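Note sheet for the following structure.
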Amino acid sequence: MTTTTAIGRPSAFDQLAALTVRNLRTSARVPQLLMFSLTMPMAMLVLFSQVFRSVAAGPGFPAGVSYIVFLTPAMLAVSTVMAGTNAGVSAAIDHTNGLHDRFAALPMRAALPGVARTINEAVFTLARAALLGIAAVALGFEFHGTAGDAVAAVLVLVVLAGAMSALFGLIGDRLRRPDVVQFAGMMVMMPLMFVSSAFAPIETMPGWMQAMATVNPVAHATDALRGHVLGTATAGDTLTALVAAIGLWAVVTAVPVLTRMIRSARTR
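With UniProt numbering applied, the sequence shown covers 1 to 268.
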């Protein structure tokens with residue numbers, strides 16, 4: 001008599017680990033893309049620190065702060081936004097290759113591919129931050145905060161990376177064409193980057209842009225990161241940045257859930 005042993009369904013952790021390893025391996029298989037994505041923020045830091053350093057002499061600029069110290073936290077936030085577009089393109093490629101449909105046919109929790117993409121982006125965000133820090137120090141950057149400031153800055157950066165990965169991943173899931181996702185991502189990325197305090201004080205912007213900047217999670221993240229770099233950040237600054245990023249993350253995550261609920265209700 002032959003007995004059949006039933007194989008249990010992998011746990012959510014095992015599924016997530018497998019998807020995360022798969023994403024990291026996929027990124028590593030294209031070393032050219034990996035190299036450019038890690039080094040581009042360094043090149044931008046060098047260019048922006050030289051081209052826009054006269055901003056430090058303008059009105060509204062913090063007194064006693066060099067432009068490289070002002071710019072480095074901004075580049076950490078901006079590079080996180082730029083890298084988020086990779087999550088959107090990856091999501092679109094998964095649809096093009098039919099991988100998304102294969103995932104849907106598996107006994108897998110629907111949210112896990114997106115969570116795995118977020119972890120992948122968080123890992124590369126930390127790697128970019130380390131390289132960017134080395135380049136900044138070479139240009140005269142000094143960290144004036146404490147060890148607690150450094151930990152809080154990393155937390156803000158990782159949460160922002162998660163929010164950006166979720167946002168652009170949703171765009172990729174909806175548009176499903178890598179070329180279209182790239183252009184759509186640019187349209188979303190530009191206001192997130194430039195309608196903020198990243199490159200110039202918000203007070204120097206027109207009134208309508210200042211209003212937009214107050215609800216921009218990248219602006220809040222930049223302010224918090226800059227405060228931790230200078231050692232002047234308060235718990236409120238960090239909390240505001242985290243709430244803004246988590247709020248965006250929650251809204252973006254809720255969209256596909258609500259969409260499925262509406263479709264399900266219509267088919268009844």
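All residues carry an ideal CB built from backbone N, CA and C; glycine is no exception. The model shown is predicted, which means the values in this text are computed figures rather than measured ones.
Run through DSSP, which three-state label would residue i get?
i: residue 37; result: helix
i: residue 222; result: helix
i: residue 109; result: coil
i: residue 23; result: helix
i: residue 54; result: helix
i: residue 178; result: helix
i: residue 256; result: helix
i: residue 30; result: coil
i: residue 228; result: helix
i: residue 141; result: coil
i: residue 49; result: helix
i: residue 235; result: helix
i: residue 240; result: helix
i: residue 11; result: coil
Within 10 angstroms of its Cβ, does residue i collect 16 or more other Cβ (buried), or is it exposed?
i: residue 128; result: buried
i: residue 30; result: exposed
i: residue 249; result: buried
i: residue 15; result: buried
i: residue 202; result: buried
i: residue 51; result: exposed
i: residue 97; result: exposed
i: residue 267; result: exposed
i: residue 58; result: exposed
i: residue 35; result: exposed
i: residue 254; result: exposed
i: residue 247; result: exposed
Would residue i and residue j qualify as a contact pair, given that the criterion is a beta-carbon distance under 7 Å?
i: residue 149; j: residue 228; result: yes
i: residue 116; j: residue 259; result: no
i: residue 125; j: residue 80; result: yes
i: residue 245; j: residue 159; result: yes
i: residue 169; j: residue 87; result: yes
i: residue 118; j: residue 165; result: yes
i: residue 181; j: residue 172; result: yes
i: residue 231; j: residue 144; result: yes
i: residue 42; j: residue 138; result: no
i: residue 156; j: residue 241; result: yes
i: residue 95; j: residue 174; result: no
i: residue 131; j: residue 38; result: yes
i: residue 239; j: residue 218; result: no
i: residue 161; j: residue 122; result: yes
i: residue 233; j: residue 224; result: yes
i: residue 93; j: residue 178; result: yes
i: residue 252; j: residue 112; result: no
i: residue 188; j: residue 141; result: no
i: residue 222; j: residue 198; result: yes
i: residue 120; j: residue 23; result: yes
Nearest-angstrom Cα distance between residue i and residue j?
i: residue 196; j: residue 77; result: 11 Å
i: residue 206; j: residue 12; result: 48 Å
i: residue 26; j: residue 114; result: 15 Å
i: residue 46; j: residue 28; result: 26 Å
i: residue 208; j: residue 237; result: 23 Å
i: residue 190; j: residue 102; result: 34 Å
i: residue 32; j: residue 40; result: 12 Å
i: residue 256; j: residue 107; result: 19 Å
i: residue 55; j: residue 62; result: 10 Å
i: residue 194; j: residue 17; result: 36 Å
i: residue 133; j: residue 53; result: 18 Å
i: residue 85; j: residue 204; result: 28 Å
Under 7 Å, Cβ to Cβ, is there at least one residue of chain D near residue i?
i: residue 24; result: Among the chains of the structure shown, chain D does not appear; only one protein chain is present.
Any heavy atom of the ligand NAP within a distance shorter than 6 Å of the CB on residue i?
i: residue 129; result: The ligand content of the structure shown is nil, which means the ligand NAP is not present either.
Item checked: Continuous alpha helix (DSSP H) assignments of at least 4 residues falling wholly in the region 181 to 226 -> 207 to 213
Item checked: Segments assigned alpha helix (DSSP H), at least 4 residues, entirely inside the region 61 to 136 -> 67 to 96, 99 to 105
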